[in-house]
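Enquirer: Structure incoming, see below.
Right, here's the structure in full:
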């Protein structure tokens, strides 16, 4: 694996991720997650739904970047169609914009420029996929990094919001690692058939995302 | 062209062709939001201004500024920091850059964007990628030994503001000692003692901001003129 | 697979010169029977099921400015069998056309293994109401495996691609997916003048899509509460719009 991909997977990449909880903050506010076991359950569901969707879009974007084609608007529309919640679309585009800025500086690549020209604020998984391609990654690696980020972001938010034991949280993440591998394999199975890419929904995450937007107290953007 | 610039400060291009970005940091309760409001009131008729607030968990600071109508609503943006205010101004400045860029798009010709940090500890420092200049705000009630202890914010900020001097007699803070300690850890960089209660317009800080803006303009118009020459020759 | 029924049913409607919608094609096939009434075209289950191994497909075609409402007479009970059962709906709706698809709930019985697929192609200017209720298991029983996929394009652009995968209880029972809900439902409305405001209430989210549609998603402990929430969502999303009038007047055959 190209070591540039490690930078992309690192939560220290300055791409705005630290201010997004992936629905964990509204779950905490609702009293649905209070401990490590609850977090593990939350993450298992998130990984298999929005994690899989994001990983599949990232794999598709990575494969597309390697071809040199530029149908970015069409792929962005596929992300829109899999994100019925306006709050989640907004969060995804905000993170996409931030990652695009970071990626263009960190790994200059023609596909990043083409994406930036075609879509003003592309969806986050698409930028992730193109960034992986810029770091010489495969669609499967793009999917792995994306699925990994789908659980590490909320896990980090849980440590901050609930004061959970970071060692216990990392044990949970390690337990979910084989799930990340399974999801990445499914996500990258057919990255060129955009219409058929996975689209599993998580109705509770959709509801949480919208509730969060109208909450009085918010530490995280999403 | 050059002569006109002297008459109308707004025609000069801001630093680097964009608004000057001024960070205001400091511990919780030291008066960052009150200082931001004071600067807006004092400077808004001279300069084209906007503000980004980094609230810890609410939009309270932004709401305070809106309620007090120091600027129109669309010139105030709140950023959320995921429980880590210093991360958002130092390690990962993405959200603040997005907010700054959005303000610049909405208001072309901005002279100054104030980025007010959430309450930080004494090690907090604005990234050079976010702020062109930074002010660190302490208050006398936080302990008169704080300047001596230093910390990155106290030592490295372009201007150290020691606020709430009217409280010094009540909390037993030694202002002279604070001044001595500050100048020692700051290698002579400026320190301003303020009391927003006694002088609500923060005139000394406002003067410093004016000088910074003029300096930035001068640098910029200088660069621009050199550019013109280069293009002409 | 070969032990189940394979059924292919179809219906096409067109608007005639008098402005009425006419059925131009109607094909029932074995257990997938269609019956025309004044207000809608009814799916009439001619056998229990679908049972494992059954493979049903319904093709619908709505011509320009024509309207079609699909209803069913009873709940669909997805039952176990030798292998996976499938129900597929394909629909095309031409410009000015309207499809109102709202069958009775599906019940995913214990041990079932059912896959439901719907693919809808809307022309620009076509409108849609697509209503679904799913009950997870009969009384006090755990559901079998039920997965659904719903793909809607409008003028060739994807509007909604939405799966609900209820195959692994460790995943769908997660507090981030459907938790302990026993009834899940959604309504997709597509029309030009729907509310653009998201709404939330207990067990209900009204989600304006990026394109001109609104997804109403609800979950509840039982079907009666679910139905109430979906109705509330429809009210929030579409009250007073052209779609309301359209659904009130939707008919397979007004003659």
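Chains as they are written, first to last, in UniProt numbering: chain A, 1 to 222; chain B, 1 to 233; chain C, 1 to 255.
Glycine included, every Cβ here is placed at the ideal spot set by N, Cα and C.
Bear in mind that the values here come from a model prediction, so they are computed numbers and not experimental data.
(1) Measure the CB-CB distance between residue 12 of chain C and residue 84 of chain C and report whether it falls below 8 angstroms.
(2) Could you say if the segment 191 to 198 of chain C and the segment 65 to 82 of chain A meet the contact criterion of at least three C-beta pairs nearer than 8 angstroms?
(3) Between the beta-carbon of residue 74 of chain C and the beta-carbon of residue 39 of chain C, is there less than 8 angstroms?
(4) Rounded to a whole number of angstroms, what is the C-alpha to C-alpha distance between residue 19 of chain A and residue 216 of chain C?
(5) Within the 8 angstroms Cβ cut-off, does residue 14 of chain A reach chain B?
(6) Give a yes or no on contact between the segment 88 to 100 of chain C and the segment 115 to 122 of chain C, applying the rule of three or more CB pairs nearer than 8 angstroms.
(7) From which residue to which residue does the beta strand (DSSP E) around residue 197 of chain C run?
(8) Could you compute how far the alpha carbon of residue 95 of chain C sits from the alpha carbon of residue 68 of chain C?
(9) Keeping to the same chain, check which residues put their C-beta closer than 7 angstroms to that of residue 21 of chain B; ignore five residues upstream and five downstream.
(10) Which residues in the same chain as residue 9 of chain B place their Cβ atom closer than 6 angstroms to its Cβ, once the five residues preceding and following it in sequence are excluded?
(11) Which residues does DSSP pair with residue 152 of chain C in a beta bridge?
(12) Would you grab the beta carbon distance between residue 94 of chain B and residue 14 of chain A for me? Rounded to a whole angstrom, and I think it's under 8 angstroms.
(13) Apply the 10 Å Cβ neighbour rule to residue 149 of chain B and answer buried if 16 or more other Cβ atoms are within range, or exposed otherwise.
(14) Residue 74 of chain C by DSSP, collapsed to three states: which one?
(15) Rounded to whole angstroms, what's the CA-CA distance from residue 55 of chain C to residue 78 of chain C? Just pull it up for me.
(16) For the segment 143 to 167 of chain B, which segments carrying the beta strand (DSSP E) assignment without a break, of at least 3 residues, lie completely within its bounds, in sequence order?
(17) I want to verify the contact list: residues of chain A whose CB lies under 8 angstroms from the CB of residue 93 of chain B, in sequence order.
(18) Between residue 200 of chain B and the rest of its own chain, which residues show a CB-CB distance below 7 angstroms, the 5 nearest in sequence each way excluded?
(19) Considering only residues of the same chain and omitting the five flanking positions on each side of residue 220 of chain A, which have a CB-CB separation below 7 angstroms?
(20) Hey, out of A/74, A/125, A/104, whose CA is closest to residue 90 of chain A's CA?
(21) Across which residues does DSSP place residue 105 of chain A in a beta bridge pair?
(22) Of the residues that make up the segment 21 to 46 of chain B, which ones have a beta carbon closer than 9 angstroms to any beta carbon in chain A?
(23) Put residue 186 of chain C into one of helix, strand or coil per three-state DSSP.
(24) Is residue 107 of chain B helix, strand or coil by DSSP?
(25) Is residue 173 of chain C helix, strand or coil by DSSP?
(26) By the DSSP assignment, the beta strand (DSSP E) with residue 33 of chain A in it spans what residues?
(27) Looking at C-alpha atoms only, which residue of C/36, C/76, C/51, C/17 is the closest neighbour of residue 66 of chain C?
(28) So, helix, strand or coil for residue 61 of chain A, using DSSP?
(29) Just how far apart, CA to CA, sit residue 71 of chain C and residue 151 of chain A?
(30) What's the call for residue 187 of chain B, buried or exposed, on a 16-neighbour Cβ count within 10 Å?
(31) Tell me, please, which residues DSSP counts as bridged to residue 135 of chain A.
(32) Between the segment 11 to 40 of chain A and chain C, which residues of the former have a C-beta closer than 8 angstroms to a C-beta of the latter?
(33) Could you give the C-beta distance for residue 126 of chain C and residue 183 of chain C, rounded to a whole number, given that I count them as a contact under 8 angstroms?
(34) So, at 7 angstroms on beta carbons, what are the nonlocal neighbours of residue 185 of chain C in its own chain, with the 5 sequence-adjacent residues on each side left out?
(35) Determine the DSSP secondary structure at residue 181 of chain C, reduced to helix, strand or coil.
Expert: Reading it off the structure:
(1) Position 12 of the third chain, counted from the start, is the residue given in the question as residue 12 of chain C. Position 84 of the third chain, counted from the start, is the residue given in the question as residue 84 of chain C. Their beta carbons are not under 8 angstroms apart, which means residue 12 of chain C does not touch residue 84 of chain C by this criterion.
(2) No contact exists between the segment 191 to 198 of chain C and the segment 65 to 82 of chain A.
(3) Taking the third chain and counting its residues from 1, the one referred to as residue 74 of chain C is at position 74. Taking the third chain and counting its residues from 1, the one referred to as residue 39 of chain C is at position 39. The criterion of a C-beta distance shorter than 8 angstroms is not satisfied by residue 74 of chain C and residue 39 of chain C.
(4) As a first step, residue 19 of chain A must be located in the first chain, where it is residue number 19. As a first step, residue 216 of chain C must be located in the third chain, where it is residue number 216. Cα to Cα, the separation comes out at about 28 angstroms.
(5) Position 14 of the first chain holds residue 14 of chain A. True, the Cβ-Cβ gap to chain B drops below 8 angstroms.
(6) Of all C-beta pairs linking the segment 88 to 100 of chain C to the segment 115 to 122 of chain C, three or more are shorter than 8 angstroms, placing the two stretches in contact.
(7) Residue 197 of chain C sits at position 197 when you count from the first residue of the third chain. That residue, residue 197 of chain C, is in no beta strand (DSSP E); it is neither H nor E in DSSP.
(8) The count along the third chain starts at 1 and reaches residue 95 of chain C at position 95. The count along the third chain starts at 1 and reaches residue 68 of chain C at position 68. C-alpha separation (whole angstroms): 13 angstroms.
(9) Your numbering for residue 21 of chain B matches position 21 in the second chain. Excluding the 5 residues flanking it on each side, residue 21 of chain B has same chain C-beta neighbours closer than 7 angstroms at 100, 113, 115, 130, 131, 132, in chain order.
(10) Walking along the second chain from the start, residue 9 of chain B turns up at place 9. Only weak support exists for where residue 9 of chain B lies, its pLDDT of 36 falling under 50; the value from the coordinates is given anyway. Residues of the same chain with their beta carbon placed closer than 6 angstroms to that of residue 9 of chain B are lacking, with the five preceding and five following residues left out of the count.
(11) The sequence position of residue 152 of chain C within the third chain is 152, counting from 1. Per DSSP, C/120, C/160.
(12) For the purposes of this step, residue 94 of chain B is identified with residue 94 of the second chain, where counting begins at 1. For the purposes of this step, residue 14 of chain A is identified with residue 14 of the first chain, where counting begins at 1. With a Cβ gap of about 6 angstroms, residue 94 of chain B and residue 14 of chain A count as contacting.
(13) Walking along the second chain from the start, residue 149 of chain B turns up at place 149. Flag for residue 149 of chain B reads exposed.
(14) As a first step, residue 74 of chain C must be located in the third chain, where it is residue number 74. DSSP places residue 74 of chain C outside both helix and strand once states are collapsed to three, so it counts as coil.
(15) Looking up residue 55 of chain C in the third chain gives position 55. Looking up residue 78 of chain C in the third chain gives position 78. Taking the straight line joining both Cα atoms gives about 12 angstroms.
(16) Every unbroken stretch of the beta strand (DSSP E) spanning 3 or more residues and falling wholly within the segment 143 to 167 of chain B is given here in chain order: 159 to 163.
(17) Locating residue 93 of chain B in the second chain gives position 93, where the first residue counts as 1. Per Cβ cutoff of 8 angstroms: 14.
(18) The residue labelled residue 200 of chain B in the question sits at position 200 within the second chain. Apart from the 5 residues on each side of it in sequence, residue 200 of chain B sits with its Cβ closer than 7 angstroms to the Cβ of 38 in its chain, given in chain order.
(19) Sequence index remark: in the first chain, residue 220 of chain A carries index 220 (1-based). In its chain, beyond the 5 residues on either side, 19, 20, 21, 25, 157 have a beta carbon closer than 7 angstroms to the beta carbon of residue 220 of chain A.
(20) In the first chain, counting from the first residue as 1, residue 90 of chain A sits at position 90. Comparing Cα positions, the closest option is A/125.
(21) As a position in the first chain, residue 105 of chain A is number 105, starting the count at 1. Residue pairing by DSSP places residue 105 of chain A in no beta bridge whatsoever.
(22) Cβ contacts with chain A come from no residue of the segment 21 to 46 of chain B.
(23) Here the question's residue 186 of chain C lines up with position 186 in the third chain. Residue 186 of chain C sits in a strand when the DSSP states are folded into three classes.
(24) One-based indexing of the second chain puts residue 107 of chain B at position 107. Three-state DSSP puts residue 107 of chain B in coil, outside helix and strand.
(25) The sequence position of residue 173 of chain C within the third chain is 173, counting from 1. Residue state, collapsed to three classes: coil.
(26) Taking the first chain and counting its residues from 1, the one referred to as residue 33 of chain A is at position 33. Taken as a continuous stretch (DSSP letters only), residue 33 of chain A belongs to no beta strand (DSSP E), as it is neither H nor E.
(27) Residue numbering aside, residue 66 of chain C sits at position 66 when the third chain is read from its first letter. Ranking the options by Cα distance to residue 66 of chain C, first place goes to C/17.
(28) What you label residue 61 of chain A is simply residue 61 of the first chain in a count that begins at 1. In the structure shown, residue 61 of chain A falls within a helical segment according to DSSP collapsed to helix, strand and coil.
(29) Position 71 of the third chain, counted from the first residue, corresponds to residue 71 of chain C. Position 151 of the first chain, counted from the first residue, corresponds to residue 151 of chain A. Approximately 41 angstroms, taken between the alpha carbons.
(30) In the second chain, the residue the question calls residue 187 of chain B occupies position 187. Residue 187 of chain B comes out exposed.
(31) Your numbering for residue 135 of chain A matches position 135 in the first chain. DSSP, once it has assigned bridges, lists no residue as partnering residue 135 of chain A.
(32) Taken in chain order, the members of the segment 11 to 40 of chain A whose beta-carbon sits within less than 8 angstroms of a beta-carbon on chain C are 23, 27, 32, 33, 38.
(33) Numbered from 1 along the third chain, position 126 holds the residue referred to as residue 126 of chain C. Numbered from 1 along the third chain, position 183 holds the residue referred to as residue 183 of chain C. For a cut-off of 8 angstroms, the C-beta gap from residue 126 of chain C to residue 183 of chain C is around 30 angstroms, too long to register as a contact.
(34) Along the third chain, one-based indexing puts residue 185 of chain C at 185. Same-chain partners within the cutoff: 132, 133, 134, 218, 226, 230.
(35) Translated into the one-based positions of the third chain, residue 181 of chain C becomes position 181. Coil at residue 181 of chain C, not helix or strand.
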